[in-house]
Every structure is written in C-alpha cells, then in structure tokens.
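>
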Amino acid sequence: MSHHSRREFLRTAAIAAAGAPYLGSILSRREESSDSPLGGRRQQKPLGFALVGLGSLSTNQIAPALQKTKNCRLAAIVTGTPAKAVAWKAKYNIPDANIYNYDTMHQMADNKDIDVVYIVTPNALHAEHTIKAAKAGKHVLCEKPMEVSTAKCQAMIDAVKKAGRQLAIGYRCRFEPHHREMARLAQSGELGDVRIIESGFGFQIGDPTQWRLKHALAGGGPLMDVGIYSLQSAEMIAGQYPIAVSAMSSKTDPVKFKDVEETMTFELKFANKISAYCSTTYKVNGINRTTAFAERGSFGLTPAFNYDGIKGWRSDGKELRFDQPDQFANEMDDFASCIMAGKPTSVPGEMGLRDVRTLMAIYEAARTGRTVAL
Ligand code: NAD
Numbered sequence: 018m019s020h021h022s023r024r025e026f027l028r029t030a031a032i033a034a035a036g037a038p039y040l041g042s043i044l045s046r047r048e049e050s051s052d053s054p055l056g057g058r059r060q061q062k063p064l065g066f067a068l069v070g071l072g073s074l075s076t077n078q079i080a081p082a083l084q085k086t087k088n089c090r091l092a093a094i095v096t097g098t099p100a101k102a103v104a105w106k107a108k109y110n111i112p113d114a115n116i117y118n119y120d121t122m123h124q125m126a127d128n129k130d131i132d133v134v135y136i137v138t139p140n141a142l143h144a145e146h147t148i149k150a151a152k153a154g155k156h157v158l159c160e161k162p163m164e165v166s167t168a169k170c171q172a173m174i175d176a177v178k179k180a181g182r183q184l185a186i187g188y189r190c191r192f193e194p195h196h197r198e199m200a201r202l203a204q205s206g207e208l209g210d211v212r213i214i215e216s217g218f219g220f221q222i223g224d225p226t227q228w229r230l231k232h233a234l235a236g237g238g239p240l241m242d243v244g245i246y247s248l249q250s251a252e253m254i255a256g257q258y259p260i261a262v263s264a265m266s267s268k269t270d271p272v273k274f275k276d277v278e279e280t281m282t283f284e285l286k287f288a289n290k291i292s293a294y295c296s297t298t299y300k301v302n303g304i305n306r307t308t309a310f311a312e313r314g315s316f317g318l319t320p321a322f323n324y325d326g327i328k329g330w331r332s333d334g335k336e337l338r339f340d341q342p343d344q345f346a347n348e349m350d351d352f353a354s355c356i357m358a359g360k361p362t363s364v365p366g367e368m369g370l371r372d373v374r375t376l377m378a379i380y381e382a383a384r385t386g387r388t389v390a391l
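FYI, in this note's numbering the residues of the sequence shown are 18 to 391.
In structure tokens:
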C-alpha cells in the first residue's frame, strides 16, 4: 500500500519541491515544429487559450492573468450569454470567428487559433466540456475539482488521451512559491520529519440559490469547493497521496444546506506516518491556513490560499516570504510550456482523479462513521 501510494504520487505529481523545474520562468522557445503525443508543437507564438464559462473566476482572475502570461494569449471564448460575448469581444478584441456557445464549441476543431481550452464552468459540467474540447483536438486545462465522480474524471482522461492531447487541472497553489517552499522544507527535513499537518479553508457563502449549494452541479459543498485546497496542501507537504481518511460533517442550517454539507472536518493518513487534520466550511469566514509540525519546529501559511497576500512563518524565526506571482498566469504559462516542449504537465488529470477519489472517500467516511482506505 505505502509503496503503491508513493509511486502513484510521484508518477502523477512530479511535485515542484522534489525538483520539477519552474517551467514558466525558464522556458526556451524553439522555432522548429515537431509533433509528439503530449503536444510538442514547438513554436514561438504564445498558445491560444479559449475560456469556457465567463463567470466570476474567468472575469476577475483568468482573463486578467492571461494578459500577464509569456506563453499564452486569450484567443477565444465560449459562453451561453450573448451579452457577455459582446462585452468580452470589445474588451479583449476577440474576433467573431472565435466566439462560441456550448452547442457550437465542437466547431473549434477547425480553428487553428485555439490550442488550449480552459474549462471554468460548474464542477459537474467539466466532463461534458472537456470531452467536447478533446474531440475538437485541443489540450484541456480544467478547473478544480476535476469533476463530481471518479467515473467522469476517468472519461475525461480517456477522451483527452484518445485525442493525443494533454489534460491539466487548475491547481494554482502548485505554482505559488510559498506552497512550494512548504513542500521543500518538509521534504528536505530541515526542521526534522513532519508528523502533523493542520489545514483549513472555508468561507461564509451568500446567495442560497447559487450552483455551489446544488449537489447536481457542485457534487458536494465546501469540501469539493475549498476543502480540496487543504487536501492538495497536505499532499504537497507529505509528498504523497493519503492512504486512508476519516471524517465528520455537521449542519446548523438544514434549509440552506439541504443538498450539501455545511461543515466538514477530515483526517488524512499518509503511508509515511504523517497525519493531516483538515476543516472546511461554508458557514464562517477566516479559516485559511496550513501548518506543518515537524520534530524540530513548525512552519505555516496564514492566510494560505488567497490569490495574493499569502504570509508564511517558521518557528525558528527564519523568513518564509516570496514575491507574490499571479498564480493563474504561472499555472497557464507552465501548461503552455509543457505543451510547447512536449513534456507532461505536473498537474495531470490522474492527479485530479486521485483527489476526487479521496474526496468521495471523505464523504463515505462521514456517512458511515468508518475509516475508509484508499
Ligand atoms: P461562476 O458561477 O461565477 O461561473 C460559472 C460560469 O459557468 C458562469 O459564467 C455560468 O454562466 C456558466 N454556466 C454554464 N452552464 C451553467 C449552468 N448549467 N449552471 C450554472 N452556470 C453555468 O463560478 P466560478 O466561481 O467562476 O467557478 C467556476 C469553476 O472554477 C468551478 O469549477 C470552481 O470550482 C472553479 N474555481 C476555481 C478557483 C481557483 O482558485 N482555482 C476559484 C473559483 C472557482
């Protein structure tokens, strides 16, 4: 079990702190053309990205981040709302031929302007949109959580593989230097072996009618939405996937949270004897941290999961502080550079699938009151 979990993690994670180069910053652009199953179309031009779903994240983070990338450009949009098409066309100078809706996006197959399709729709639509993009012959970057079931995650992996393209999951913290330093500190043993991780991410959710509170579209509540950050943080620090989980959920407002959990606490057990205690909620603000307790000291991030303003600390008083990059720009540049170089992404669909399997095990553990092995 332990060897399997470690091997699987290394195969799918190629974790940054374990030595994966910071591809976004060291890309050497080549001019020759060559095709490989992973991409490998080496070119000087930035890759064209199509954004699918022009909601909050696309509007406020991803489109502005695309303007800061080195290897990417906003080439196309997919939206079901004609008014958004008009506004985005004007703001980002997008030609009519590169504006699609969910029913026409298969026509991207004929559009050489588009290399990568970035899926930014509600969780339970990720598979449908990823598969359409793969069938059109495009690489896919898909937001977290990958989907709402392992079967749908597997279908996404299969479709992208069949198309001979790459699939990456939008795990932005993997491209954030404070999180990478947490992993490096843990794995270097600088403060001794890490034994316990504590991590939490939650917020007070507003509008009771939004898709995040509907099981059919979200696949669950805060665990799917933001608890996944604590899972990812623990995996980065532990350097492997968990082998068992236990969990409890609680609810104070059964009307608003009739469809999904309100608060979830969960424990992850790793084969290297690290335990992680995590919490996530839609009920209160202010929980946003990750801490690693090692044999000779501790280190952590508070807040840990913001788009910027992350603050790190070490118990020995040394600095844990870096310039704050745009995490989305780094994430997209990294994927583009992998495609250009024909190298596999460090955040592949297999990692997204493994995490969805863990999230489903956490729900099972909360439902049954039992520890669930992975
Ligand atoms: P949002 O509600 O603001 O946007 C969702 C978009 O999908 C909207 O434009 C909406 O019109 C469109 N859509 C298409 N079909 C829909 C349907 N049937 N029902 C509802 N909306 C539909 O959501 P968001 O906050 O932009 O989140 C989108 C995705 O991005 C989610 O998977 C979420 O988990 C992820 N996300 C990731 C981060 C991050 O930091 N990486 C942050 C926020 C959201």
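A virtual CB, placed ideally from N, CA and C, is assigned to each residue, including glycine.
1. Would you be able to state if there are at least three C-beta pairs under 8 Å between the segment 121 to 131 and the segment 327 to 339?
2. Since S205 is in the alpha helix (DSSP H), which residue starts that stretch and which ends it?
3. Between L370 and I136, is the Cβ-Cβ spacing less than 8 Å?
4. Just to confirm, does P139 get its C-beta within under 7 Å of one of the non-hydrogen atoms of the ligand NAD?
5. Let's see if you can read the secondary structure: which residues bound the alpha helix (DSSP H) around Y135?
6. So L375 and V262 are in contact, right, with Cβ under 8 Å, and what is the actual spacing, rounded?
7. If you follow the alpha helix (DSSP H) that M173 is in, where does it begin and where does it stop?
8. Can you check the segment 314 to 377 for any alpha helix (DSSP H) of at least 4 residues that lies completely inside it and give the ranges in chain order?
9. Can you name, in chain order, every residue of its own chain whose Cβ lies under 8 Å from the Cβ of K290, other than the five neighbours on each side?
10. What are the uninterrupted segments assigned as beta strand (DSSP E) that are 3 or more residues long and contained completely in the segment 232 to 269, given in chain order?
11. For a test of your reading of the model: does the CB of L158 fall under 7 Å from any non-hydrogen atom of the ligand NAD? Yes or no.
12. Return the chain-ordered list of same chain residues with a C-beta closer than 6 Å to the C-beta of T209, the five sequence neighbours on each side being excluded.
13. Taking the straight line between their C-alpha atoms, what separation do you get for S267 and L234?
14. Could you spell out the range, first to last residue, of the alpha helix (DSSP H) harbouring H143?
15. Which class does N470 belong to by DSSP, given the choice of helix, strand or coil?
Reading from the atomic positions:
1. Contact check between the segment 327 to 339 and the segment 121 to 131: fewer than three CB pairs, one atom from each, fall below 8 Å, which does not count as touching.
2. 194 to 205
3. no
4. yes
5. Segment 133 to 136 is the beta strand (DSSP E) holding Y135; no alpha helix (DSSP H) there.
6. What sits at residue 375 in the sequence shown is Thr, not Leu. Their Cβ separation, rounded to whole angstroms, is 6 Å, which keeps T375 and V262 in contact under 8 Å.
7. 167 to 179
8. 344 to 358
9. R212
10. 261 to 267
11. no
12. Note on identity: in this sequence residue 209 is Gly, with Thr being the wrong assignment. Closer than 6 Å at the Cβ level, and outside the excluded window around G209, lie A311, E312, R313.
13. 21 Å
14. 143 to 152
15. With the chain running from 18 to 391 in the structure shown, residue 470 is simply not present.
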